[in-house]
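Asker:
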Amino acid sequence: MTNTQSTDVILIGAGIMSSTLGALLKELAPNWKMTVFEKLSNAGEESSNEWNNAGTGHAALCELNYTSEKPDGTMDISKAININEQFQVSMQFWSYLVSQNRIQNPQEFIKSLPHMSMVQGQANIDFLKKRFKALSDNPLFKGMEFTEDPEKLMEWIPLMMNGRLQEDHIAATKIDTGTDVNFGSLTHKMFDHLESLGVDMHYQHTVTDLKRTNDGLWEVKVRNLESGTTAVHKAKFVFIGGGGGSLHLLQKSGIPEGRHIGGFPVSGIFMACNNPEVVNQHHAKVYGKAKVGAPPMSVPHLDTRFINNQKMLLFGPFAGFSPKFLKHGSVLDLFTSVKADNLVTMLAAGAKNMSLTKYLIQQVMLSKEQRMKDLREFIPNAKTEDWDLVIAGQRVQVIKDTEAGGKGTLQFGTEVISAEDGSIAALLGASPGASTAVHVMLDVIKRCFPTHIKEWEGKIKEMVPSYGQLLMNNQELLDHVHASTAEVLELNDPTKTRGSHLLKQA
Ligand SMILES: Cc1cc2nc3c(=O)[nH]c(=O)nc-3n(C[C@H](O)[C@H](O)[C@H](O)COP(=O)(O)OP(=O)(O)OC[C@H]3O[C@@H](n4cnc5c(N)ncnc54)[C@H](O)[C@@H]3O)c2cc1C
7 MTNTQSTDVI
17 LIGAGIMSST
27 LGALLKELAP
37 NWKMTVFEKL
47 SNAGEESSNE
57 WNNAGTGHAA
67 LCELNYTSEK
77 PDGTMDISKA
87 ININEQFQVS
97 MQFWSYLVSQ
107 NRIQNPQEFI
117 KSLPHMSMVQ
127 GQANIDFLKK
137 RFKALSDNPL
147 FKGMEFTEDP
157 EKLMEWIPLM
167 MNGRLQEDHI
177 AATKIDTGTD
187 VNFGSLTHKM
197 FDHLESLGVD
207 MHYQHTVTDL
217 KRTNDGLWEV
227 KVRNLESGTT
237 AVHKAKFVFI
247 GGGGGSLHLL
257 QKSGIPEGRH
267 IGGFPVSGIF
277 MACNNPEVVN
287 QHHAKVYGKA
297 KVGAPPMSVP
307 HLDTRFINNQ
317 KMLLFGPFAG
327 FSPKFLKHGS
337 VLDLFTSVKA
347 DNLVTMLAAG
357 AKNMSLTKYL
367 IQQVMLSKEQ
377 RMKDLREFIP
387 NAKTEDWDLV
397 IAGQRVQVIK
407 DTEAGGKGTL
417 QFGTEVISAE
427 DGSIAALLGA
437 SPGASTAVHV
447 MLDVIKRCFP
457 THIKEWEGKI
467 KEMVPSYGQL
477 LMNNQELLDH
487 VHASTAEVLE
497 LNDPTKTRGS
507 HLLKQA
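Just so we're on the same page, our numbering is the position in the sequence shown counted from 1, plus 6.
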């Protein structure tokens with residue numbers, strides 16, 4: 007073991023979360039020394055990689071699971087508003103980075119793409135119509151359109167309409183200000199920027215242990231995977247941004263806030279179209295409704311994607327089960343995450359989620375032809391030979407004891423766990439994920455640097471003008487944010503799109 011090196015901040019993992027926190031902290035405290043450890047040979051190779059996630063800029067423009075019908079029949083859009091507001095925070099920070107020349111060529115990581123929801127059958131159409139009406143009244147969702155008109159649908163989604171029976175009753179909403187985000191490219195751009203400012207990047211370095219010292223610092227044990235040597239690094243603040251690897255590291259930290267928490271891995275599989283003629287017939291992200299019993303992250307969608315400047319077409323994700331917590335993880339991950347303090351929580355979760363586990367195992371066993379059947383609900387004429395399977399990333403859902411759900415409740419959101427003294431924080435969970443990275447990392451900063459936050463507030467507002475406010479309550483600021491982010495990021499401008507209208511009432 008070599009001698010100990012000291013730094014101000016250690017970021018574990020080189021995914022979108024660490025890159026975002028690093029980029030924010032470099033603006034707020036430019037003189038702080040920062041070191042990054044990543045076990046793979048490059049940044050953004052796990053969930054943040056463009057092939058491992060769906061690249062949706064989640065703003066609740068098309069994801070039906072962010073709105074639900076209340077018992078009185080009205081539509082609850084509070085979650086959709088929340089996610090949209092959080093996405094606006096990301097857009098503002100990305101646009102700050104571009105306008106200040108910290109990162110360049112926004113087209114390489116974000117592109118405008120219509121976001122659509124599509125449903126079939128009267129009950130679903132009634133739901134979509136209600137959702138549309140509720141969202142249209144909110145300034146965040148300006149420009150959304152609804153139709154049940156087959157001719158209009160043919161114009162919007164010809165690939166999905168060709169080959170349908172006349173009696174198929176379909177409705178859709180569409181908004182042209184949705185986005186496709188290449189989170190892998192964005193992660194690279196932010197780390198390149200950080201490296202140019204002297205941040206120490208260490209690839210093929212895996213963090214194996216971490217412990218708090220008597221002087222209030224953290225000692226992080228790191229193994230160099232190339233040389234096989236181990237070194238200890240000290241830091242005042244540690245961020246555990248290991249994606250699926252975060253839970254094990256949080257447990258190793260021994261902080262009481264990390265107790266009684268478990269993880270449940272859900273894997274993702276996409277189908278990618280290999281026929282350019284088919285790819286070119288579609289231009290949207292089209293989200294459907296999740297099947298009964300399916301977890302929210304396996305809502306099927308047919309997505310135009312832009313990967314390495316090439317237009318692609320992906321369908322999925324199909325959920326699946328693997329005990330690995332990272333795509334490049336170990337089959338022992340689930341087993342080794344069970345500790346004395348979370349055993350009861352995990353057992354309770356196991357008992358409660360038998361049907362989910364069964365569903366996931368059934369999903370893994372699906373043959374390609376069975377997956378094609380699901381795809382044909384979106385593209386009736388899809389040909390088996392045009393589609394290949396692509397293994398996506400792992401999402402580790404948080405399991406914890408909650409008042410509402412009791413012991414072992416499966417959470418589908420993102421959770422920041424931080425020590426009381428703010429010296430360490432970990433990010434668990436993966437939804438809505440990368441799209442809300444800036445909001446989540448600002449939360450980490452607020453929790454972990456309470457003595458600095460006052461002095462940093464001005465700079466945060468320069469980077470994120472809406473910080474501390476709800477855009478939906480401030481039309482002037484919302485218009486400014488929409489117009490300026492659209493200009494800088496070279497996107498469709500919501501202030502210039504048509505007002506919402508119902509194209510055809512049933
Ligand atoms: C199938 C799927 C679809 C998704 N779709 C979307 C979407 O459409 N939109 C969206 O916004 N989000 C989406 N997400 C979620 C999003 O991808 C994640 O929330 C996000 O990428 C997580 O970023 P991260 O930095 O926390 O983790 P990661 O990108 O996984 O990075 C963690 C890094 O830590 C490293 N690491 C782990 N352990 C250690 C260790 N001990 N030492 C050193 N390094 C370590 C890993 O190698 C990895 O590089 C999707 C996820 C999946 C799986």
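We put the CB at the ideal spot given by N, CA and C, even for glycine.
Here the structure is a predicted model, which means the values were calculated and not measured.
Output the distance between the C-alpha atoms of LEU332 and LEU349, rounded to the nearest integer angstrom.
Answerer: 21 Å
Asker: Hey, would you say the C-beta of GLU44 is under 8 Å away from at least one heavy atom of ligand 3?
Answerer: You won't find ligand 3 in this model; what it holds is ligand 1.
Asker: Restricting to runs no shorter than 3 residues, where is the beta strand (DSSP E) found entirely within the stretch 314-367?
Answerer: 316-326
Asker: Classify ILE367 as buried or exposed, calling it buried when 16 or more other Cβ atoms lie within 10 Å of its own Cβ.
Answerer: exposed
Asker: Can you find the residues in the same chain that come closer than 6 Å, C-beta to C-beta, to SER24, ignoring five residues on each side of it along the sequence?
Answerer: LEU17, GLY247
Asker: My guess is that GLY439 and GLN417 are in contact by the Cβ rule of under 8 Å, so how many angstroms apart are they, rounded?
Answerer: The Cβ separation is near 13 Å, so there is no contact.
Asker: If we count the other Cβ atoms within 10 Å of its Cβ and call it buried at 16 or more, is MET167 buried or exposed?
Answerer: buried
Asker: Return the chain-ordered list of same chain residues with a C-beta closer than 7 Å to the C-beta of GLU517, the five sequence neighbours on each side being excluded.
Answerer: For residue 517 there is no data in the structure shown, the boundaries of the chain being 7 and 512.
Asker: Counting along the chain, where does the beta strand (DSSP E) carrying CYS279 start and finish?
Answerer: 267-279
Asker: Heavy atom of ligand 1 less than 8 Å from the Cβ of GLY250, yes or no?
Answerer: Because some heavy atom of ligand 1 lies under 8 Å away, the Cβ of GLY250 counts as near it: yes.
Asker: Does DSSP classify HIS254 as helix, strand or coil?
Answerer: helix
Asker: Can you check whether the CB of ARG401 is closer than 9 Å to the CB of SER252?
Answerer: A distance of 9 Å or more separates the beta carbons of SER252 and ARG401.
Asker: Kindly examine ligand 1 and report whether one of its heavy atoms sits closer than 8 Å to the Cβ of LYS45.
Answerer: yes
Asker: When the Cα atoms are used, what is the spatial distance from ALA357 to LEU340?
Answerer: 16 Å
Asker: Can you look up TYR72 in the DSSP assignment and give me helix, strand or coil?
Answerer: helix
Asker: CA-CA distance, GLU383 and LEU497?
Answerer: 31 Å
Asker: Just to confirm my understanding: we take PHE245, look at its own chain, exclude 5 residues before and 5 after, and list those with CB closer than 6 Å. What are they?
Answerer: Once the five neighbours on either side are set aside, the close Cβ partners of PHE245 are LEU17, LEU27, ALA431.
Asker: What are the boundary residues of the alpha helix (DSSP H) that HIS33 is part of?
Answerer: His is not the amino acid found at residue 33; the sequence shown has Glu there. From DSSP, the alpha helix (DSSP H) with GLU33 extends over 22-34.
Asker: Relative to the C-alpha of PHE99, which candidate in PRO271, GLU232, LEU192, LYS413 has its C-alpha closest?
Answerer: LEU192
Asker: For the putative contact between MET318 and VAL284, defined by C-beta atoms under 8 Å, what is the C-beta separation to the nearest angstrom?
Answerer: No, MET318 and VAL284 are not in contact; Cβ-Cβ is about 11 Å, not under 8 Å.
Asker: Just the Cα atoms here: how many angstroms apart are LEU171 and PHE152?
Answerer: 21 Å
Asker: Can you find the residues in the same chain that come closer than 8 Å, C-beta to C-beta, to GLU493, ignoring five residues on each side of it along the sequence?
Answerer: ASP499
Asker: Quick check on the burial criterion: 16 or more other C-beta atoms within 10 angstroms. Buried or exposed for GLN58?
Answerer: A quick correction: the sequence has Asn, not Gln, at residue 58. ASN58 comes out buried.
Asker: Assign GLN481 to one of two classes, buried (16 or more other C-beta atoms within 10 Å of its C-beta) or exposed (fewer than that).
Answerer: exposed
Asker: State the Cα-Cα distance for the pair VAL213 and LEU256, rounded to the nearest angstrom.
Answerer: Going from the Cα of VAL213 to the Cα of LEU256 covers about 11 Å.
Asker: Taking only heavy atoms of ligand 1 into account, decide whether any of them is closer than 8 Å to the Cβ of PRO438.
Answerer: yes
Asker: In whole angstroms, give me the CA-to-CA distance for GLY505 and ASN144.
Answerer: Summary for GLY505: the model assigns pLDDT 47, below 50, so the residue's position carries little reliability, and this model does not support an answer.
Asker: Go ahead and pull the three-state DSSP assignment for ASP394.
Answerer: strand
Asker: Assign ASN59 to one of three DSSP states: helix, strand, or coil.
Answerer: coil
Asker: In terms of residue numbering, what span does the beta strand (DSSP E) encompassing ARG218 cover?
Answerer: 211-218
Asker: At a cut-off of 8 Å, is VAL213 close to ligand 1 when judged by its beta-carbon and the heavy atoms of the ligand?
Answerer: yes
Asker: For VAL298, name the three-state secondary structure that DSSP assigns.
Answerer: DSSP places VAL298 in coil when its eight states are reduced to three.
Asker: Determine, using beta carbons only, whether LYS217 and GLY249 come nearer to each other than 9 Å.
Answerer: no
Asker: What did DSSP end up calling THR408 once you bin it into helix, strand or coil?
Answerer: In this structure, THR408 counts as strand in the three-state DSSP scheme.
Asker: ARG108: which of HIS64, LYS32, TRP393 sits nearest, CA to CA?
Answerer: LYS32
Asker: What are the start and end residues of the beta strand (DSSP E) that includes MET124?
Answerer: 121-126
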